[in-house]
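Numbering (my numbering), first residue to last: 1 to 147. Even glycine gets a Cβ: it sits at the ideal position worked out from N, Cα and C. Given the structure is predicted, the values throughout are model-derived calculations rather than measurements.
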């Protein structure tokens, strides 16, 4: 439980800092999709909540799908897989609904994949080389999830 909390906190701080500092550099006009009825100023607390949920879900999934590799590699894998689950389908939906070029919509998907992959590395480094509990290890004697 302690490592889950620390991994969530560490990856959340990473996601907030990187998005606050680098997102405006790579997307100075905001994301390529433009919405109707956009707010005059965004509700930052909901952006923060979304990043916190992302950090928690990646931190929760990390020990469940850990395969025994180096902590940073396992974290990278978790972050990239989760990012692809979210960003590619979402950007394909946006492409289907808007007249924005497909290439322009790939940049946000690439952004999410890279940043979440790096956040996953933070999670892996916090959990360390053996994130599984004794209870899960006993379960693995019967079911090998690495195949």
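Item	Value
Are residue 7 and residue 62 touching if we call contact CB-CB under 9 angstroms?	yes
Distance, Cα to Cα, residue 130 vs residue 85?	25 angstroms
Rounded to whole angstroms, what's the CA-CA distance from residue 128 to residue 108? Just pull it up for me.	30 angstroms
Compute the beta-carbon to beta-carbon distance between residue 80 and residue 120, rounded to the nearest angstrom, for a pair I have assumed lies under 8 angstroms.	7 angstroms
What three-state label does DSSP hand residue 90 in the structure shown?	helix
Please determine if the stretch 46 to 58 and the stretch 8 to 25 are in contact, where contact requires at least 3 C-beta pairs separated by less than 8 angstroms.	yes
Taking the alpha helix (DSSP H) that residue 40 falls in, what are its first and last residues?	From DSSP, residue 40 is part of no alpha helix (DSSP H); its letter is neither H nor E.
Select from 126, 101, 116 the residue whose C-alpha is nearest the C-alpha of residue 31.	101
Rounding to the nearest angstrom, what Cα-Cα distance links residue 20 and residue 69 in this structure?	31 angstroms
Would you report the Cα separation of residue 64 and residue 106, rounded to the nearest angstrom?	29 angstroms
What three-state label does DSSP hand residue 130 in the structure shown?	coil
If we ignore side chains and look at the alpha-carbon of each, how far apart do residue 126 and residue 92 end up?	33 angstroms
Hey, residue 33 and residue 113 are a contact pair by Cβ (cut 8 angstroms); roughly how many whole angstroms apart?	That pair is no contact at about 17 angstroms.
Compute the distance between the beta-carbons of residue 76 and residue 10, then report whether it is under 9 angstroms.	no
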